[in-house]
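Heads up: the protein sequence lines correspond to chains S and Y, in order.
Under our numbering, think of the first position of the first sequence as 1, with each following residue one higher.
Under our numbering, think of the first position of the second sequence as 236, with each following residue one higher.
We treat Cβ as the ideally placed atom computed from N, Cα and C, and that holds for glycine.
Keep in mind the model is a prediction, meaning the values are calculated, not measured.
There are 2 protein chains.
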Amino acid sequence: MKYELYYWPEIQGRGEYVRLALEEAGAAYVDVARGPRGTAAMMKMMDAHGGTPPFAPPFLKAGKLVIGQTANILLYLGSRHGLAPKSEAGKLWVHQLQLTIADFVLEIHDTHHPLGPSLYYEDARREAKKRSDEFWKERVPKYLGYFEQLADDNGGAYVTGRRLTYVDLSLFQIVDGLRYAFPRRMKAFESGIPGLVDLRNRVAERPNIKTYLASERRIAFNEQGIFRRYKELDG
Amino acid sequence: MKYELYYWPEIQGRGEYVRLALEEAGAAYVDVARGPRGTAAMMKMMDAHGGTPPFAPPFLKAGKLVIGQTANILLYLGSRHGLAPKSEAGKLWVHQLQLTIADFVLEIHDTHHPLGPSLYYEDARREAKKRSDEFWKERVPKYLGYFEQLADDNGGAYVTGRRLTYVDLSLFQIVDGLRYAFPRRMKAFESGIPGLVDLRNRVAERPNIKTYLASERRIAFNEQGIFRRYKELDG
């Protein structure tokens, strides 16, 4: 079965967490909005009445199922493609970690959209600077400290132990994204998270991920996505 | 088995979404931080090394499992207690809706904490006012319009059709919370969401919920929680 991924074509964004999982799994998929049908097909599915219309992208069509919410898509894909444990307890734990990452992603986004997603960054620069300062002072240490500790305590190559899960793929994305968006601040911070940096490298070297990163499907970070390089926010 | 719920004792907060589900289900549970062990027991579990230490409350101890993230706890409880469909597709759909509610809850919280959770409201009043204006102009119509449409399209008593799920309990909480936090704005807005208001009433009348709401376990909304009444933000 070929999956259909629906997400904004011009950014990595939340869709990227799904793309990384699909690529690692070697799963056949179409990135619909990047193809001839464009975003129109995506908007049409969100406007559907009856059934399970998603609130927002990303969403995945898997046969008859239409699954929305990034972490929910990964929950679905995880067990099917060996990217999560098979036990219920294991699945819940990995999902919990992904939801924590999702909360962090929202806070990353809010460094440049502190007054909400409907205003432009340019209309809230002052607030964005204040938010970014707080973010680096309090929130990055809290979130990445938590994952660094897990990596340390679990003693394996991956954050939950010896086997890769979709959470590790997402943490790769977090490290690369923060390096892109806040190069100075991240450079200073990284020395405190050697386990996560190591993990990032290990994920990047995995054959399917390596191939993906070198392909056209992996577009560059840019200033429309979640990770945006605004120099004035970089301390 | 008696569940153990761990959450900040003095607020409804995110814990309330779990309490409503436990109460509706008639499940035996202890609200640990409200008892003699207090929050110390909770902090100890978060500081654990190895195992599955939660990043933040709420979390639920269910036998040997420790489950964190509000929507993840509800995912776990939902199928066990008849608060979610049994089919995989049904579970994923309900979970997706709950994750959408969780995103909305975060935005509700950010109306009074636009610069991040570590500053006090008093230090970001100006920004909070701007954020609240945008929130009511763009975000409330988008989120509640989505759920109102679902209720309408599904034609049943509940948002996913004929049977109650934990999503309906959470929507009850959203309506009551917004009424508390933004009485003027919500009063003006409500006429546009008759289905959700109806749903709220139907949930409130369910025997276990009715009993819970009249009990001591349902504490009042206050200005430490997610829904806070700050007059200056109420238009």
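Identify the contact partners of residue i in chain Y, using a Cβ-Cβ distance below 7 Å as the criterion.
{"i": "residue 130 (chain S)", "result": "350"}
{"i": "residue 89 (chain S)", "result": "300"}
For residue i and chain Y, any beta-carbon pair shorter than 9 Å?
{"i": "residue 178 (chain S)", "result": "no"}
{"i": "residue 222 (chain S)", "result": "no"}
{"i": "residue 71 (chain S)", "result": "yes"}
{"i": "residue 265 (chain S)", "result": "Because residue 265 (chain S) is not part of the residues shown, which for chain S are 1 to 235, the question remains open."}
{"i": "residue 192 (chain S)", "result": "no"}
{"i": "residue 137 (chain S)", "result": "yes"}
{"i": "residue 106 (chain S)", "result": "yes"}
{"i": "residue 173 (chain S)", "result": "no"}
{"i": "residue 52 (chain S)", "result": "yes"}
{"i": "residue 103 (chain S)", "result": "yes"}
{"i": "residue 225 (chain S)", "result": "no"}
{"i": "residue 7 (chain S)", "result": "no"}
{"i": "residue 230 (chain S)", "result": "no"}
I'd like to know whether the C-beta of residue i is nearer than 9 Å to at least one C-beta of chain S.
{"i": "residue 389 (chain Y)", "result": "yes"}
{"i": "residue 359 (chain Y)", "result": "yes"}
{"i": "residue 470 (chain Y)", "result": "no"}
{"i": "residue 274 (chain Y)", "result": "no"}
{"i": "residue 251 (chain Y)", "result": "no"}
{"i": "residue 424 (chain Y)", "result": "no"}
{"i": "residue 256 (chain Y)", "result": "no"}
{"i": "residue 345 (chain Y)", "result": "yes"}
{"i": "residue 238 (chain Y)", "result": "no"}
{"i": "residue 378 (chain Y)", "result": "yes"}
Taking the beta carbon of residue i as the centre, do at least 16 other beta carbons fall within 10 Å, making it buried, or is it exposed?
{"i": "residue 351 (chain Y)", "result": "buried"}
{"i": "residue 165 (chain S)", "result": "buried"}
{"i": "residue 335 (chain Y)", "result": "buried"}
{"i": "residue 393 (chain Y)", "result": "buried"}
{"i": "residue 457 (chain Y)", "result": "exposed"}
{"i": "residue 130 (chain S)", "result": "buried"}
{"i": "residue 355 (chain Y)", "result": "exposed"}
{"i": "residue 118 (chain S)", "result": "exposed"}
{"i": "residue 304 (chain Y)", "result": "buried"}
{"i": "residue 278 (chain Y)", "result": "exposed"}
{"i": "residue 282 (chain Y)", "result": "exposed"}
{"i": "residue 251 (chain Y)", "result": "buried"}
{"i": "residue 38 (chain S)", "result": "exposed"}
{"i": "residue 292 (chain S)", "result": "Nothing about residue 292 (chain S) can be read from this structure; chain S reaches only from 1 to 235."}
{"i": "residue 236 (chain Y)", "result": "exposed"}
{"i": "residue 192 (chain S)", "result": "exposed"}
{"i": "residue 170 (chain S)", "result": "buried"}
{"i": "residue 463 (chain Y)", "result": "buried"}
{"i": "residue 259 (chain Y)", "result": "buried"}
{"i": "residue 440 (chain Y)", "result": "exposed"}
{"i": "residue 391 (chain Y)", "result": "exposed"}
{"i": "residue 102 (chain S)", "result": "buried"}
{"i": "residue 216 (chain S)", "result": "exposed"}
{"i": "residue 12 (chain S)", "result": "buried"}
{"i": "residue 224 (chain S)", "result": "exposed"}
Can you pull the chain S neighbours of residue i, defined as C-beta to C-beta under 7 Å?
{"i": "residue 311 (chain Y)", "result": "92"}
{"i": "residue 290 (chain Y)", "result": "100 and 146"}
Starting from the beta carbon of residue i, find every residue of chain S whose beta carbon is closer than 8 Å, and list them in chain order.
{"i": "residue 369 (chain Y)", "result": "115, 116, 118 and 119"}
{"i": "residue 431 (chain Y)", "result": "Ordered by position in chain S, no residue passes the 8 Å Cβ test against residue 431 (chain Y), which lies about 15 Å from the chain."}
In chain Y, which residues lie less than 8 Å from residue i when you measure between Cβ atoms?
{"i": "residue 182 (chain S)", "result": "Within chain Y, no residue comes near residue 182 (chain S); the closest Cβ sits about 15 Å away, beyond 8 Å."}
{"i": "residue 127 (chain S)", "result": "349, 350, 362 and 365"}
{"i": "residue 95 (chain S)", "result": "304, 307 and 310"}
Can you list the residues of chain Y that residue i reaches, using a CB-CB cut of under 9 Å?
{"i": "residue 49 (chain S)", "result": "384, 387 and 388"}
Report task. Mind the definition here: the region 281 to 300 of chain Y touches the region 332 to 347 of chain Y only if three or more C-beta pairs lie below 8 Å; say whether that holds. Result -> no
**Report entry** Runs of beta strand (DSSP E) lying entirely within the region 256 to 329 of chain Y, each at least 3 residues, in chain order
**Finding:** 264 to 266, 294 to 297 and 300 to 303
Report task. Determine, using beta-carbon pairs with one atom in the region 367 to 377 of chain Y and one in the region 293 to 311 of chain Y, whether at least three such pairs fall under 8 Å. Result -> no
Query raised in the report: Any chance the region 207 to 225 of chain S sits against the region 265 to 277 of chain Y, with 3 or more Cβ pairs inside 8 Å?
Result: no
**Report entry** Any beta strand (DSSP E) of 3 or more consecutive residues that is wholly inside the region 89 to 133 of chain S
**Finding:** none
Query raised in the report: Would the region 384 to 391 of chain Y and the region 417 to 435 of chain Y be scored as touching if the rule is three or more Cβ pairs under 8 Å?
Result: Cβ pair count under 8 Å is three or more, so yes.
Requested in this report: Examine the Cβ distances between the region 413 to 424 of chain Y and the region 76 to 83 of chain S and report whether three or more of them are shorter than 8 Å.
Outcome: no
Query - Those runs of the alpha helix (DSSP H) which lie wholly inside the region 372 to 401 of chain Y and span at least 4 residues - result: With a minimum length of 4 residues, the continuous alpha helix (DSSP H) runs that stay inside the region 372 to 401 of chain Y are 375 to 389.
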